[in-house]
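J.: First residue of the sequence shown? That's 1 in my numbering, and the numbers climb one at a time after it. Okay, handing you the structure first.
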Amino acid sequence: MSARNWGLLLLLTLLWGSSFFFYKVLVAVLPPVTVVLGRVGIAAIAMNLWLLAQGAGMPRSPRLWARFLLLGLLNTVIPFILIAWGETRISSGLASILNATTPIFMVAVAHFGTHDEKLSWAKIAGIVLGVVGVVVLVGQDAFAGGGYIWGALAVIGASCAYGFGGVYSRRFRDLPPMQAATGQITGGAILLLPLSLLADHPWTLPMPGGAVWASLLAIALVNTALAYFVYFKMVATVGVTYISLVTFLIPIIALLLGAAFLNESVTAQALAGMAIIALGLAAIDGRLLRLGRRPSMRSGPRSG
1 MSARNWGLLL
11 LLTLLWGSSF
21 FFYKVLVAVL
31 PPVTVVLGRV
41 GIAAIAMNLW
51 LLAQGAGMPR
61 SPRLWARFLL
71 LGLLNTVIPF
81 ILIAWGETRI
91 SSGLASILNA
101 TTPIFMVAVA
111 HFGTHDEKLS
121 WAKIAGIVLG
131 VVGVVVLVGQ
141 DAFAGGGYIW
151 GALAVIGASC
161 AYGFGGVYSR
171 RFRDLPPMQA
181 ATGQITGGAI
191 LLLPLSLLAD
201 HPWTLPMPGG
211 AVWASLLAIA
221 LVNTALAYFV
231 YFKMVATVGV
241 TYISLVTFLI
251 PIIALLLGAA
261 FLNESVTAQA
271 LAGMAIIALG
281 LAAIDGRLLR
291 LGRRPSMRSG
301 PRSG
């Protein structure tokens with residue numbers, strides 16, 4: 001992989017990893033559903049404008065938009081709200097590590113929901129390691145009270161929703177990827193608007209300050225809209241094998257930002273849980289293990 005693509009990989013890691021930091025900042029002053037609506041709504045506007053500028057636009061089929069609503073529910077509304085709410089009770093670093101279990105849920109859902117992605121012994125081992133990692137992460141803190149366990153379960157629930165959403169997104173393979181992503185985000189925004197109005201009564205909330213608006217714009221335009229652009233740019237150039245490395249790197253960014261700016265502690269328990277989950281992910285995605293063996297088979301790795 002070329003130096004440019006490695007740079008894009010690190011950029012994507014920074015974009016997705018820092019979203020946990022911005023969630024933590026925002027949910028301290030705004031209700032979680034309103035935070036998610038702001039993120040998704042602003043991102044949807046930006047992504048639709050970008051498609052129009054490219055001369056693409058979005059399909060108009062009512063049946064397709066009904067599917068976009070379901071995809072937005074599974075991949076945006078449910079997980080984003082659960083993560084935002086969960087971060088009112090747990091640290092951003094812990095949330096990022098728990099969210100890294102998404103591929104573990106995805107392979108389990110795919111076994112029952114698809115015909116060509118069945119469980120193997122390696123995947124089963126990965127699931128077991130993932131469960132062990134979560135147990136190590138949560139540990140005795142589950143009995144500490146203060147809503148800690150509910151925050152952790154919320155983020156695990158978000159990972160489960162992503163698992164269902166990832167399998168359902170296979171139905172959009174015939175669409176250009178950026179259109180599918182924009183449809184998902186737009187469908188999520190449509191569902192979130194009435195939910196926010198009913199749950200949070202945002203017109204009664206005090207006007208946020210400049211720092212809050214800056215964080216909201218960052219998580220919408222940078223962590224969502226720009227991140228999707230970078231993601232699909234990498235899919236077109238290097239494929240999904242190398243991009244799957246992001247799953248391992250996101251918690252590192254979130255832990256560093258939480259420790260540096262939010263005074264969150266990085267405990268040995270968190271590092272141990274993250275390491276076990278990483279082993280589980282490596283077992284599930286055997287391609288990552290094969291990447292390390294390629295240089296010994298040839299004179300050197302080829303740039304992508």
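Idealized CB from N, CA, C, for every residue including glycine.
Cα separation between L255 and A283?
T.: For the purposes of this step, residue 255 is taken as the residue at position 255 of the sequence shown. For the purposes of this step, residue 283 is taken as the residue at position 283 of the sequence shown. Whole-angstrom Cα-Cα distance: 23 Å.
J.: Taking Cβ to Cβ, would you say L98 is nearer than 8 Å to V107?
T.: Translated into the one-based positions of the sequence shown, residue 98 becomes position 98. Translated into the one-based positions of the sequence shown, residue 107 becomes position 107. Not in contact: L98 and V107 (Cβ atoms no closer than 8 Å).
J.: Please state the DSSP three-state secondary structure of M207.
T.: If you number the sequence shown from 1, residue 207 lands on position 207. Here M207 sits in coil by DSSP.
J.: If you count every other CB in all the chains shown that lies within 10 Å of the CB of F112, and 16 or more means buried, which is it?
T.: On the sequence shown, position 112 is the one that residue 112 refers to. Flag for F112 reads exposed.
J.: Taking just the CA atoms, how far does L262 sit from G139?
T.: Translated into the one-based positions of the sequence shown, residue 139 becomes position 139. Translated into the one-based positions of the sequence shown, residue 262 becomes position 262. Spanning the two alpha carbons is a distance of roughly 23 Å.
J.: Do you know whose CA, among L226, T204 and M274, lies nearest T182's CA?
T.: Within the sequence shown, residue 182 is the residue found at index 182, counting from 1. If we check each option's Cα against that of T182, L226 comes out closest.
J.: Helix, strand or coil: how does DSSP classify N99 here?
T.: Mapped onto the sequence shown, residue 99 falls at position 99. Three-state result, N99: helix.
J.: Tell me which residues share the same chain as I104 and place their Cβ nearer than 7 Å to its Cβ, disregarding the 5 neighbours each side in the sequence.
T.: To locate residue 104, count along the sequence shown from 1; it is residue 104. So the qualifying residues of the chain are G126, I127, G130, G280 and I284.
J.: A3 to A53, Cα distance in whole Å?
T.: Stepping through the sequence shown from its first residue, residue 3 is reached at position 3. Stepping through the sequence shown from its first residue, residue 53 is reached at position 53. Rounded to the nearest angstrom, the two C-alpha atoms are 29 Å apart.
J.: Go to K118, then tell me how far its alpha helix (DSSP H) extends in each direction, as first and last residue.
T.: As a working mapping, residue 118 is identified with position 118 in the sequence shown. From DSSP, K118 is part of no alpha helix (DSSP H); its letter is neither H nor E.
J.: Identify whether N263 lies in helix, strand or coil by the three-state DSSP scheme.
T.: Within the sequence shown, residue 263 is the residue found at index 263, counting from 1. In the structure shown, N263 sits in coil (DSSP, three-state: anything other than H, G, I, E or B).
J.: What span of residues does the alpha helix (DSSP H) with N5 cover, start to end?
T.: Here residue 5 refers to the residue found at position 5 when the sequence shown is read from its first residue. A3 to L26 is the extent of the alpha helix (DSSP H) around N5.
J.: Please give me, in chain order, every unbroken run of the alpha helix (DSSP H) with length at least 4 that falls completely inside the segment 228-256.
T.: Runs found: 240-243.
J.: Please classify T224: does DSSP put it in a helix, a strand, or coil?
T.: Residue 224 sits at position 224 when you count from the first residue of the sequence shown. Reduced to three states, the DSSP call for T224 is helix.
J.: Within 10 Å of its beta-carbon, does M207 have 16 or more other beta-carbons around it, so buried, or fewer, so exposed?
T.: Taking the sequence shown and counting its residues from 1, one reaches residue 207 at position 207. The residue in question, M207, is exposed, as its Cβ has fewer than 16 Cβ neighbours within 10 Å.
J.: Could you have a look at I219 and say whether DSSP puts it in helix, strand or coil?
T.: Sequence index remark: in the sequence shown, residue 219 carries index 219 (1-based). Residue state, collapsed to three classes: helix.
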